[in-house]
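As structure tokens, the structure follows; a few thoughts come after it.
Protein chains in written order, with the numbering used here: chain A, -15 to 135; chain B, 33 to 603.
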């Protein structure tokens, strides 16, 4: 069975709740896989640790926070872009930081989009919904390499 | 004898005419021809005799006589031929022939003998010829003499005009035989005075001795002798210095006959040389003096240089120390900067997150409560919370902006302040609809500044002016420049707003310092701090003048000259 999930990498519980709430309005909530930091994200993506038995396939989009304990979002992005299988997976940074350095670093590492979380809740919901709609529904993800090899 | 004669003329033979059978024409032909020949022959000797008689000094008389006899004899043989035509006296004829033969032989012999002498010229002829020769010779010699005279005259004039003294002495007694013009002028004696005299007649004894010694040497060795320098006493020019060459002149047998001398007056040259030498010596003296001075100066300079080097070394050492200190400071500052940046990063990220959550859940709470018809009080509380989160968010934004203006590099370019102000006013005009705002703007210059940051300054100041004139019916805002000729431009933004008490003017530009309550005039207390920071980074100054309720004027300066280094420490 092909994985059609959105991978949400977010350490903040409240942000997760608010994000999922926004995505629920698009009926995407049940298709969101949530991991709580960079390390977990890498375990999931590379199917190791507690995710070693998960179904194969890459997420249609990785929604990535930058500031997380242990392994940062930029590190996760770097490893995704360095991996043969994951390289073409779309990655969207969703963060509180408007720092030029963060934006620049993210684009230099090949991020597909950079979205600053609006403080205002209505705007936040609107942003997340647009993001989910575009990357989760409208965008055609790259064909899964493992799949094509097996079929 | 008679008999002999008789026999001689005996006609006992046949006449010769008989042989011609007496044919008269033949006989007469012979007779007349022989007769005519005989007549002609007899006439020739007459002319010869006349010549001999008339030319007294004629040579070769004998030849003439013999020749005459010979011709008479020949004529007689022809007469005999005529006679024998008729009378056969052949004996007589034979005798005549024999006589003729004898005379002929004699004459021929004589002629042969005389021939060499006869070939010679006659004396007067010879005289004439030698005369001619002599005359030619005389002409030639005259021409040669003339040429010689010309050549001599030419040589004379050459010698005469040579600008050096030329003289000739005879080799025997060393008396002058010749002198040229230059010599006369040099010595002061005419050649008439000089010729035939010797050196002793004109010059002091020792001088004359010296000259004579030279002369003798030249004549003995037969070679040229040059005396590079010798003095001579002259009549009018005092003692002169001469350079003299003496050359012997030999006669045909190779013995020295004359002595030729050529002397050049080198007195003036010598004097010039000596003067030059004197100058050179003085120059050398001067140079050596100057050299000594220079050496002294050099030594002083060397000492000074050494001293300077020491000082430089000291300065360098101090500089190095200073640099090290600056380096350390910079490093410290860099660390501080980094910390500040980390701090602002944290603020931007970590302060925003809870704020966002508050905003989010507040919204969700409102939605939940909306169904249960909340009291006005609850509604007000919720709105207050909303305002607070919004204000908190604004604060964070301003704080981040403030931090950013301290960090970004200035990008200096020609900035037109007038245009900037016009742009800002037109932006504000949209948000001040319904208010009466009178703008007064001066002509503002172009200057070198970071237009993005200067724009922030102007926006802050103008928005302040607008804010604090809100209570006025007619807001008057003036943006201008002080008319002074200072090194800096002084700009100001003046309003007729609520103003402030000048005793707080120092606090005005500090971060988070506010002179009004938030419920009077909203604000974060960062705007003016930001203005000060930007102007300071442009090496300018900010200050304000105001009175309560009488408006406020904010001043800032910017340098007129482009700023050399926009890098500086920020507050």
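A virtual CB, placed ideally from N, CA and C, is assigned to each residue, including glycine.
Since the model is a prediction, treat every value here as computed from it, not as a measurement.
7 Å Cβ shell around residue i - same chain, five flanking residues per side excluded
{"i": "residue 546 (chain B)", "result": "555, 557"}
{"i": "residue 602 (chain B)", "result": "Any reading at residue 602 (chain B) is ruled out, since the residue's pLDDT is 41, under 50, leaving its predicted position unreliable."}
{"i": "residue 27 (chain A)", "result": "33, 34, 35"}
{"i": "residue 52 (chain B)", "result": "58, 59"}
{"i": "residue 240 (chain B)", "result": "231, 232"}
{"i": "residue 475 (chain B)", "result": "450"}
{"i": "residue 50 (chain A)", "result": "56, 57, 58, 77, 79, 81, 86"}
{"i": "residue 260 (chain B)", "result": "275"}
Neighbourhood of residue i by C-beta distance below 6 Å, restricted to the same chain and skipping five residues each side
{"i": "residue 135 (chain B)", "result": "101, 102, 105"}
{"i": "residue 271 (chain B)", "result": "263, 265"}
{"i": "residue 74 (chain B)", "result": "107"}
{"i": "residue 483 (chain B)", "result": "447"}
{"i": "residue 537 (chain B)", "result": "576"}
{"i": "residue 589 (chain B)", "result": "520, 522, 572, 573"}
{"i": "residue 492 (chain B)", "result": "559, 563"}
is_contact[residue i, chain A] using C-beta, thresh 8 Å
{"i": "residue 392 (chain B)", "result": "yes"}
{"i": "residue 415 (chain B)", "result": "no"}
{"i": "residue 385 (chain B)", "result": "yes"}
{"i": "residue 528 (chain B)", "result": "no"}
{"i": "residue 374 (chain B)", "result": "no"}
{"i": "residue 389 (chain B)", "result": "yes"}
{"i": "residue 425 (chain B)", "result": "yes"}
{"i": "residue 542 (chain B)", "result": "no"}
{"i": "residue 395 (chain B)", "result": "yes"}
Chain B contact for residue i (CB, 8 Å cutoff)
{"i": "residue 104 (chain A)", "result": "yes"}
{"i": "residue 113 (chain A)", "result": "no"}
{"i": "residue -2 (chain A)", "result": "yes"}
{"i": "residue 118 (chain A)", "result": "no"}
{"i": "residue 2 (chain A)", "result": "yes"}
{"i": "residue 136 (chain A)", "result": "Nothing can be reported for residue 136 (chain A): it is not among the residues displayed for chain A, which extend from -15 to 135."}
{"i": "residue 108 (chain A)", "result": "yes"}
{"i": "residue 101 (chain A)", "result": "yes"}
Alpha-carbon spacing of residue i relative to residue j, whole angstroms
{"i": "residue 49 (chain B)", "j": "residue 116 (chain B)", "result": "8 Å"}
{"i": "residue 105 (chain A)", "j": "residue 440 (chain B)", "result": "31 Å"}
{"i": "residue 424 (chain B)", "j": "residue 387 (chain B)", "result": "8 Å"}
{"i": "residue 288 (chain B)", "j": "residue 157 (chain B)", "result": "49 Å"}
{"i": "residue 574 (chain B)", "j": "residue 58 (chain A)", "result": "42 Å"}
{"i": "residue 397 (chain B)", "j": "residue 553 (chain B)", "result": "30 Å"}
{"i": "residue 497 (chain B)", "j": "residue 100 (chain A)", "result": "33 Å"}
{"i": "residue 375 (chain B)", "j": "residue 459 (chain B)", "result": "33 Å"}
{"i": "residue 467 (chain B)", "j": "residue 371 (chain B)", "result": "45 Å"}
{"i": "residue 378 (chain B)", "j": "residue 1 (chain A)", "result": "22 Å"}
{"i": "residue 175 (chain B)", "j": "residue 194 (chain B)", "result": "28 Å"}
{"i": "residue 1 (chain B)", "j": "residue 213 (chain B)", "result": "Because chain B here runs from 33 to 603, residue 1 (chain B) falls outside it and cannot be looked at."}
{"i": "residue 506 (chain B)", "j": "residue 470 (chain B)", "result": "7 Å"}
{"i": "residue 182 (chain B)", "j": "residue 200 (chain B)", "result": "21 Å"}
{"i": "residue 2 (chain B)", "j": "residue 80 (chain B)", "result": "Nothing in the structure corresponds to residue 2 (chain B), since chain B is present only between 33 and 603."}
{"i": "residue 90 (chain A)", "j": "residue 404 (chain B)", "result": "45 Å"}
Sequence-distant residues of the same chain with beta carbon closer than 8 Å to residue i, five excluded per side
{"i": "residue 25 (chain A)", "result": "-9, -7, 19, 46, 48, 55, 60"}
{"i": "residue 390 (chain B)", "result": "417, 421"}
{"i": "residue 115 (chain A)", "result": "47, 76, 78, 97, 99"}
{"i": "residue 326 (chain B)", "result": "none"}
{"i": "residue 308 (chain B)", "result": "none"}
Heavy atom of the ligand PLP within 7 Å of residue i beta-carbon
{"i": "residue 237 (chain B)", "result": "This structure simply doesn't include the ligand PLP, nor any ligand for that matter."}
* Asked: Is it true that the stretch 403 to 419 of chain B meets the stretch 23 to 34 of chain A, where meeting means three or more beta-carbon pairs spaced less than 8 Å apart?
  -> no
* Unbroken stretches of the alpha helix (DSSP H), 4 residues or longer, contained in the stretch 51 to 108 of chain B -> 56 to 86
* **Meets three-Cβ-pair contact criterion under 8 Å: the stretch 575 to 582 of chain B and the stretch 522 to 536 of chain B** => yes
* Segments of 4+ residues assigned as alpha helix (DSSP H) that fall wholly inside the stretch 438 to 494 of chain B -> 449 to 463
* Asked: Is the stretch 434 to 451 of chain B close to the stretch 404 to 415 of chain B, with three or more CB pairs under 8 Å?
  -> no
* To do: Flag this pair as touching only if the stretch 181 to 192 of chain B and the stretch 162 to 172 of chain B have three or more C-beta atom pairs under 8 Å; answer yes or no.
  => no
* Segments of 4+ residues assigned as alpha helix (DSSP H) that fall wholly inside the stretch 112 to 156 of chain B -> Counting only runs of 4 or more, we get 122 to 151.
* Any chance the stretch 4 to 23 of chain A sits against the stretch 80 to 95 of chain A, with 3 or more Cβ pairs inside 8 Å? -> The stretch 4 to 23 of chain A vs the stretch 80 to 95 of chain A: no contact.
* To do: Specify whether the stretch 487 to 502 of chain B and the stretch 516 to 529 of chain B touch according to this definition: at least 3 beta carbon pairs, one from each stretch, less than 8 Å apart.
  => Touching, per the Cβ criterion.
* Enumerated in chain order, which unbroken segments of the beta strand (DSSP E) with a length of 3 residues or greater are wholly contained in the stretch 504 to 586 of chain B? -> 506 to 513, 520 to 527, 574 to 578
* Asked: Are the stretch 393 to 407 of chain B and the stretch 328 to 335 of chain B touching by the rule of at least three beta carbon pairs closer than 8 Å?
  -> no
* Should the stretch 284 to 299 of chain B be called in touch with the stretch 316 to 323 of chain B, which here means at least 3 C-beta pairs below 8 Å? -> The stretch 284 to 299 of chain B vs the stretch 316 to 323 of chain B: no contact.
* Counting Cβ pairs closer than 8 Å, one from the stretch 291 to 301 of chain B and one from the stretch 196 to 210 of chain B, do we hit at least three? -> yes
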